[in-house]
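Undergrad: One structure coming up, written as structure tokens, with questions to follow.
Numbering (my numbering), first residue to last: 465 to 631.
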């Protein structure tokens, strides 16, 4: 792994595990992890990772990494895959709804990914800060929905949710 790849991986790890509201905070944590970076390089890295600031429960802001879209390069694509894996916490289902719990700020990206599937099984999504409601076509079987979601949601999360979909 080259220096840039290692730095991007470290930024992803820090942003997933901390509430970082400024580039200065992020630079401090990078320095504590023996990674020296200029503000200009950090700004480019944050753009490459498609970060954005979202409101927190406490009224401040934090950086999150987009869980949707295509990355500018292979390194950022790998980082986004890491985000997708870490963003989704749980999945459950009731009636014709699937409820997906995410880390704060990641529900919009997850909803986008599900809408982008363009499947007749899914009627649409509604995203909050940490929850996605997925409306399922009443003619769809839960097994079909499970198989569809398995393509985009980490296997470990879907394994825990299997009992909602397969009797």
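Ideal Cβ positions, reconstructed from N, Cα and C, are used throughout, including at glycine.
Work out the CA separation of residue 549 and residue 495 for me, nearest whole Å.
TA: On the chain shown, residue 495 is found 31 positions in, with the first residue counted as 1. On the chain shown, residue 549 is found 85 positions in, with the first residue counted as 1. Cα-Cα distance, rounded: 26 angstroms.
Undergrad: Over what stretch of residues does the beta strand (DSSP E) that includes residue 588 continue unbroken?
TA: Along the chain shown, read from residue 1 onward, the residue named residue 588 stands at position 124. Segment 586-591, the beta strand (DSSP E) holding residue 588.
Undergrad: Using 10 angstroms around the beta-carbon of residue 508, count the other beta-carbons present and answer buried if the total reaches 16, otherwise exposed.
TA: For the purposes of this step, residue 508 is taken as residue 44 along the chain shown, with counting starting at 1. Burial call: exposed.
Undergrad: Does residue 573 have its Cβ less than 9 angstroms from a Cβ in chain D?
TA: Given the protein chain composition of this structure (a single chain), no chain D is represented.
Undergrad: Bridge partners for residue 525 per DSSP, in chain order?
TA: As a first step, residue 525 must be located in the chain shown, where it is residue number 61. DSSP output for residue 525 lists 519 as bridge partner(s).
Undergrad: Can you name the residues that DSSP bridges to residue 596?
TA: Sequence index remark: in the chain shown, residue 596 carries index 132 (1-based). In the DSSP output, where bridge partners are listed per residue, residue 596 has 564, 591.
Undergrad: For residue 499, which option in 607, 469, 564 has the closest C-alpha, if you only look at C-alpha atoms?
TA: The sequence position of residue 499 within the chain shown is 35, counting from 1. Per the Cα distances, 469.
Undergrad: Tell me the DSSP bridge mates of residue 552?
TA: Working through the chain shown from its first residue, we reach residue 552 at position 88. Per DSSP, 566.
Undergrad: By DSSP, does residue 504 sit in helix, in strand, or in coil?
TA: As a first step, residue 504 must be located in the chain shown, where it is residue number 40. Reduced to three states, the DSSP call for residue 504 is helix.
Undergrad: Exposed or buried, which one is residue 622 when buried takes at least 16 other CB atoms within 10 Å?
TA: Here the question's residue 622 lines up with position 158 in the chain shown. Classification of residue 622: buried, given that the 10 Å Cβ count is 16 or more.
Undergrad: So what's residue 533 in DSSP terms, helix, strand or just coil?
TA: To locate residue 533, count along the chain shown from 1; it is residue 69. Note that residue 533 scores a pLDDT of 48, beneath 50, so its modelled location is shaky and nothing firm can be said.
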